[in-house]
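Some notes on the structure that comes next.
Residue numbers (the working numbering): 4 to 168.
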């Protein structure tokens, strides 16, 4: 068995502490766990702000996106590409990204030039048209999808046509 080679630069996108939301806590804990498991890797985060003044973030947060500012998502993609992130781990929840059903995130995903692993914190069985459009494109632009429960995987297969893998 050959050894696992981890990426040298791993980027995360989502909320981040001290913002008070479950995704922020999850992103923070995931980033720290990956950094501990891969001590040679550079792990950093792009945080989504729900207020214009942002937050006093720790040094792991290297760039920020203002939830409702579409251009900030494009600038985030530029940052990720320029800094040669080898993989992007997206924490997805419809409510933390701006635009209809969180569609601003797609502007970032259209521009990044690295594999994308998206953790879906909510998988809707009966999405409205805007949510369906975002989810379909999110599925298309992600190299891997992660769900929290078998039911989420089942909904991905049955509602969105995502093959099990």
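Note that CB positions come from ideal geometry on N, CA and C, so glycine has one too.
With which residues is residue 121 paired in a DSSP beta bridge? The residue given as residue 121 occupies position 118 in the chain shown. Beta-bridge partners of residue 121 (DSSP): 93 and 148.
Assuming residue 16 contacts residue 93 under a Cβ cut-off of 8 Å, what Cβ separation, rounded to an integer in Å, is found between them? If you number the chain shown from 1, residue 16 lands on position 13. If you number the chain shown from 1, residue 93 lands on position 90. Yes, they are in contact, since the Cβ atoms of residue 16 and residue 93 sit about 5 Å apart, within 8 Å.
Rounded to whole angstroms, what's the CA-CA distance from residue 113 to residue 84? Just pull it up for me. In the chain shown, residue 113 corresponds to position 110, counting from 1. In the chain shown, residue 84 corresponds to position 81, counting from 1. Looking at the two C-alpha atoms, the distance is approximately 12 Å.
Grouping DSSP H, G and I as helix and E and B as strand, with all else coil, what is residue 47? On the chain shown, position 44 is the one that residue 47 refers to. Look at residue 47 here: in three-state DSSP terms it is strand.
Just the C-alpha distance for residue 24 and residue 55, rounded to the nearest angstrom, thanks. Taking the chain shown and counting its residues from 1, the one referred to as residue 24 is at position 21. Taking the chain shown and counting its residues from 1, the one referred to as residue 55 is at position 52. Between residue 24 and residue 55, the C-alpha separation is close to 17 Å.
Provide the residue span of the beta strand (DSSP E) that contains residue 15, from first to last. Stepping through the chain shown from its first residue, residue 15 is reached at position 12. Going by DSSP, residue 15 is part of the beta strand (DSSP E) stretching over 12-17.
Report the start-end ranges of each alpha helix (DSSP H) in the region 50-90 that is 4 residues or longer and not cut off at the edges. Runs found: 73-85.
Straight-line gap, residue 89 to residue 161 (C-alpha atoms, nearest Å): Start at 1 with the first residue of the chain shown, and residue 89 comes out as number 86. Start at 1 with the first residue of the chain shown, and residue 161 comes out as number 158. The straight-line gap from Cα to Cα measures roughly 31 Å.
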